[in-house]
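Note sheet for the following structure.
2 protein chains.
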Amino acid sequence: MIAIGEASRLSGVSIETIRYYEREGIIARAERSASGRRAYSDTEIFELRFIKRCRDLGFSLPDAVALRDLADAPNNSCETVERLGRAHLTEVRSKLRELRQLEKALSELVSNCANGNNDCPMLDALRAS
Amino acid sequence: MIAIGEASRLSGVSIETIRYYEREGIIARAERSASGRRAYSDTEIFELRFIKRCRDLGFSLPDAVALRDLADAPNNSCETVERLGRAHLTEVRSKLRELRQLEKALSELVSNCANGNNDCPMLDALRAS
DNA sequence: ATGCATCCTGTAGTAACTACAGAAGCAAGT
DNA sequence: ACTTGCTTCTGTAGTTACTACAGGATGCAT
Chain A
1 MIAIGEASRL SGVSIETIRY YEREGIIARA ERSASGRRAY SDTEIFELRF
51 IKRCRDLGFS LPDAVALRDL ADAPNNSCET VERLGRAHLT EVRSKLRELR
101 QLEKALSELV SNCANGNNDC PMLDALRAS
Chain B
1 MIAIGEASRL SGVSIETIRY YEREGIIARA ERSASGRRAY SDTEIFELRF
51 IKRCRDLGFS LPDAVALRDL ADAPNNSCET VERLGRAHLT EVRSKLRELR
101 QLEKALSELV SNCANGNNDC PMLDALRAS
């Protein structure tokens with residue numbers, strides 16, 4: 001059995017976050033030692049890592065939970081997984097488009113600054129009606 | 001004088017958000033009518049729009065406030081504005097890099113799904129140690 | 001016995017809003 | 001005058017996914 005600090009190191013999920021997941025019912029309540037300390041099995045470390053990987057890919061916590069449940073389901077759940085993945089990909093691409101436009105607008109604004117004149121082109125742009 | 005609903009329409013900032021800005025001291029407390037309703041002048045609409053524009057460019061609220069203060073300052077503040085702009089641009093570009101990687105990883109994962117076989121490549125990838 | 005690291009629970013804070021509830025005001029039509 | 005319906009008011013709580021304590025208990029090595 002593994003204590004929470006080691007579980008954190010093994011899974012990459014911070015101690016506070018592991019406790020938070022337990023509080024919120026994202027993961028099951030961990031076993032406790034005689035003195036009340038949490039104890040984790042390999043399976044639970046695995047689960048934490050799975051959730052971590054989903055989160056790193058930008059899935060929301062509810063999505064991560066859904067994926068974990070699908071991964072645990074005995075039946076074939078590939079279609080649902082694909083649907084979740086594609087939906088998320090759509091979101092990511094839309095965010096990407098936004099961010100690209102933003103980068104363009106900002107870099108234009110800032111590049112105009114490099115002329116050391118008296119008025120500020122960037123402030124003017126922000127002021128513009 | 002303009003009521004809050006009209007101010008919202010003119011500035012693109014929602015009513016609740018305008019009240020929130022006032023509560024938080026982002027903008028000055030608006031004048032009140034005899035019956036206690038907020039009343040806005042053109043200048044205040046302008047200010048709301050300025051802040052809205054900053055927010056749309058992804059500046060934080062504190063940054064937006066700083067930019068507004070710089071815009072109101074009589075002295076030439078172009079350098080400070082440029083510094084804020086460049087710092088923000090750096091953040092945006094770093095976020096953009098992250099999101100591009102994410103898009104790549106996700107689209108690879110999802111594209112593997114299109115083979116209609118029995119096991120799920122995406123779940124396998126999420127499971128992978 | 002003494003440190004020191006680790007752990008516990010419980011609470012509050014983060015960013016920037018958003019969403020009510022419950023009451024009051026305003027404007028138009030009858 | 002009265003009703004209907006829209007707008008506004010204050011105040012509070014909820015959102016996402018954590019993070020950061022405070023104050024105290026436990027475990028382990030010296």
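Going line by line, the protein sequences match chains A and B. When the first sequence is numbered by full-length UniProt numbering, its final residue is 129 and no position is left out of the sequence of numbers. When the second sequence is numbered by full-length UniProt numbering, its final residue is 129 and no position is left out of the sequence of numbers. Don't be surprised by glycine CBs; every beta carbon is placed ideally from N, CA and C. Fair warning: this is a prediction, and the values are worked out from it, not measured in the lab.
I want to see whether chain A comes within less than 8 Å of Val13(B), judged by CB atoms only; does it? It does not: the Cβ of Val13(B) has no partner Cβ on chain A nearer than 8 Å.
For the UniProt domain "HTH merR-type" (1 to 70) of chain B, which segments carrying the beta strand (DSSP E) assignment without a break, of at least 3 residues, lie completely within its bounds, in sequence order? none
May I have the straight-line CA-CA distance separating Arg53(B) from Thr80(A), to the nearest angstrom? Linking Arg53(B) to Thr80(A) through their CA atoms gives a straight-line distance of about 39 Å.
Quick check: is the beta carbon of Leu10(B) nearer than 8 Å to any beta carbon in chain A? no
For the segment 33 to 44 of chain B against the segment 1 to 8 of chain B, are there 3 or more C-beta pairs whose distance is under 8 Å? yes
Tell me the DSSP secondary structure of Asp72(B) in three-state form. helix
Pair within 8 Å by beta-carbon distance, Leu106(B) and Leu48(A): no
In its own chain, which residues sit with a C-beta less than 8 Å from the C-beta of Ser14(B), not counting the 5 before and 5 after it? Ser8
Straight-line Cα distance separating Leu67(A) from Leu109(B): 14 Å
Under 8 Å between the Cβ atoms of Cys120(B) and Cys120(A)? Going by C-beta atoms, Cys120(B) is not nearer than 8 Å to Cys120(A).
Ala87(B), enclosing alpha helix (DSSP H) - first and last residue: From DSSP, the alpha helix (DSSP H) with Ala87(B) extends over 78 to 111.
Residues of chain B with CB closer than 7 Å to the CB of Ser107(A), please, in chain order. Leu89
Can a CB atom of chain A be found closer than 8 Å to the CB of Glu6(B)? With 8 Å as the cut-off, Glu6(B) does not count as an interface residue toward chain A.
Environment of Ser33(B) [buried if 16+ CB atoms lie within 10 Å]: Label assigned to Ser33(B): exposed.
For Asn112(A), which residues in the same chain have their Cβ closer than 7 Å to its Cβ, ignoring the five residues on either side in sequence? Pro121, Met122
In or out: Gly25(B) buried (at least 16 other Cβ within 10 Å) or exposed? exposed
Inter-residue spacing [alpha-carbon to alpha-carbon] between Glu16(A) and Ala87(A): 30 Å
Roughly how many angstroms lie between the CA atoms of Gly12(B) and Arg23(B), to the nearest whole one? 18 Å
8 Å Cβ cutoff met for Ile2(A) and Ile45(A): yes
Rounded Cβ spacing between Leu99(A) and Val92(B) (contact assumed at less than 8 Å): 6 Å
Collapsed DSSP secondary structure at Asp119(B) in the structure displayed: Reduced to three states, the DSSP call for Asp119(B) is coil.
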